[in-house]
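Have a look at the structure below before the remarks.
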Amino acid sequence: MHAQSEAQPEVQDDERFMRRAVELSWRGLGETSPNPNVGCVLVAPGQQIVGEGRTSPTGGPHAEVNALADAGERARGATAYVTLEPCNHTGRTGPCSRALIAAGVARVVAAVRDPNPAAAGGAGTLRAAGVAVDLGTVLPEPARDAMVGWLTAVSRGTPYVIWKFAATLDGRSAAADGTSKWITSPEARADVHRLRGGVDAIIAGIGTVLADDPQLTVRSPTGELAARQPLRVVVDGSGRTTAGLKVVDQTAPTWVVPGDGRRIDLRIMLEELYARGVRTALLEGGPTLAGAFLGEGLIDRVVGYLAPKLLGAGPAALGAAGISTIAEALTLDVVDLAKIGPDVRLTATVKGA
1 MHAQSEAQPE
11 VQDDERFMRR
21 AVELSWRGLG
31 ETSPNPNVGC
41 VLVAPGQQIV
51 GEGRTSPTGG
61 PHAEVNALAD
71 AGERARGATA
81 YVTLEPCNHT
91 GRTGPCSRAL
101 IAAGVARVVA
111 AVRDPNPAAA
121 GGAGTLRAAG
131 VAVDLGTVLP
141 EPARDAMVGW
151 LTAVSRGTPY
161 VIWKFAATLD
171 GRSAAADGTS
181 KWITSPEARA
191 DVHRLRGGVD
201 AIIAGIGTVL
211 ADDPQLTVRS
221 PTGELAARQP
231 LRVVVDGSGR
241 TTAGLKVVDQ
251 TAPTWVVPGD
261 GRRIDLRIML
271 EELYARGVRT
281 ALLEGGPTLA
291 GAFLGEGLID
301 RVVGYLAPKL
311 LGAGPAALGA
321 AGISTIAEAL
331 TLDVVDLAKI
341 GPDVRLTATV
351 KGA
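Residues 1 to 353 in the working numbering are what the sequence shown spells out, letter by letter.
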């Protein structure tokens with residue numbers, strides 16, 4: 001009788017478990033700033049998920065700590081799949097690299113290297129403690145997509161800016177008489193609230209605020225205010241914001257960026273927003289403000305809601321941006337097209353941003 005051969009360990013399905021970590025990362029979008037929206041999955045030998053976690057709202061535990069708490073003693077000998085390199089510093093919470101070591105995790109698979117110098121270095125700490133580390137080899141692009149706002153903002157010190165607009169197919173944001181309510185469908189407007197819920201600030205110009213009196217809040221499909229509201233930012237170079245406007249009510253925090261009639265420096269404004277903890281911002285201003293942002297190269301992503309309507313006249317969705325010839329036209333990469341009710345939502349990134 002031959003001796004039974006020793007069972008070989010199963011090879012971990014790295015991509016499958018990292019994909020789950022990316023799903024958890026997406027769930028934290030808009031809740032974690034100034035921290036990144038990280039997802040983490042702990043997998044024991046035998047390919048059994050024993051713990052999951054994502055970054056808590058500001059001030060709470062990071063994804064790895066939440067996953068370790070979920071796993072308990074089952075974390076010992078497990079592999080941690082995490083969308084971002086575990087942090088190596090003490091902020092509001094302790095370093096995740098040390099927490100993983102203390103829990104006895106045997107291997108860490110991290111999709112993206114941490115660009116923040118203050119927090120980076122977790123991979124080295126883990127390796128020095130004898131933990132096997134794979135960094136940047138498993139699904140780095142899907143993980144980066146989920147955290148692109150935070151990653152971009154931390155790398156340059158200003159928020160990731162998404163310009164949202166709604167227009168007819170001929171590019172009109174309103175009719176010739178100024179009416180614009182409603183160009184797009186209820187389904188598209190509900191999708192805008194989803195988009196707002198994933199950012200830290202909503203920016204509008206005083207022209208739009210005076211013309212439309214928007215509240216700039218996040219609401220559920222049934223109309224209830226969301227528990228978490230982004231900062232509302234009013235760009236008001238002429239000092240026309242008054243107490244009666246909805247944008248300065250008590251439903252959400254508001255920062256009015258005032259001026260004395262002179263043009264507001266948008267880049268300095270974004271630097272101040274970053275200092276306030278804003279990592280992603282949604283630009284909902286009218287064509288003039290959108291053109292100013294675009295002209296200064298301050299837009300990273302465009303989300304356009306296009307209604308199957310034609311007006312033939314009326315204000316354009318985008319104002320002057322300093323582009324005078326086709327050779328200077330800003331080129332976009334379309335990353336998604338989706339039908340939202342009767343409308344089309346186009347999502348594109350700005351090349352070189």
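Glycine is no exception: its CB is placed at the ideal position from the N, C-alpha and C atoms.
Nearest to R219 by alpha-carbon distance, out of D333, T125, G197, G341, is G197. Taking the C-beta atoms as reference points, Y81 is found no nearer than 9 Å to L135.
In terms of Cβ geometry, L311 and F165 do not form a close pair [threshold 9 Å]. K246 carries a helical assignment under DSSP once its states are collapsed to helix, strand and coil.
If you compare the alpha carbons of S97, A281, G122, G341 with that of Q229, the shortest gap goes to A281.
In the three-state DSSP reduction, D333 falls in the strand class (E or B). In the structure shown, the three-state DSSP call for C87 is coil.
The criterion of a C-beta distance shorter than 9 Å is satisfied by S173 and P315. With contacts defined as CB atoms closer than 9 Å, V192 and L245 fail to qualify as a contacting pair. Approximately 5 Å separates the beta-carbon atoms of S155 and P115; this is inside 8 Å, confirming the contact. Using a Cβ distance threshold of 9 Å, R107 and V138 do not count as a contacting pair.
Exposure of T90 is indicated by the presence of fewer than 16 other C-beta atoms within 10 angstroms of its C-beta. The DSSP-derived three-state label of G291 is helix. P142 counts as buried, since no fewer than 16 other beta carbons sit within 10 angstroms of its beta carbon. Note on geometry: alpha-carbon atoms of F293 and G286 lie some 11 Å from one another. Under DSSP, G53 takes part in a beta bridge, and its partners are C40. Taking one beta carbon from each stretch, the stretch 255 to 272 and the stretch 220 to 240 have 3 or more pairs nearer than 8 Å; the two touch. In the displayed model, W26 falls within a helix according to three-state DSSP. With a beta-carbon spacing of about 7 Å, L270 and L298 fall inside the 8 Å limit used to define contacts. D145: member of the alpha helix (DSSP H) spanning 140 to 146, first to last residue.
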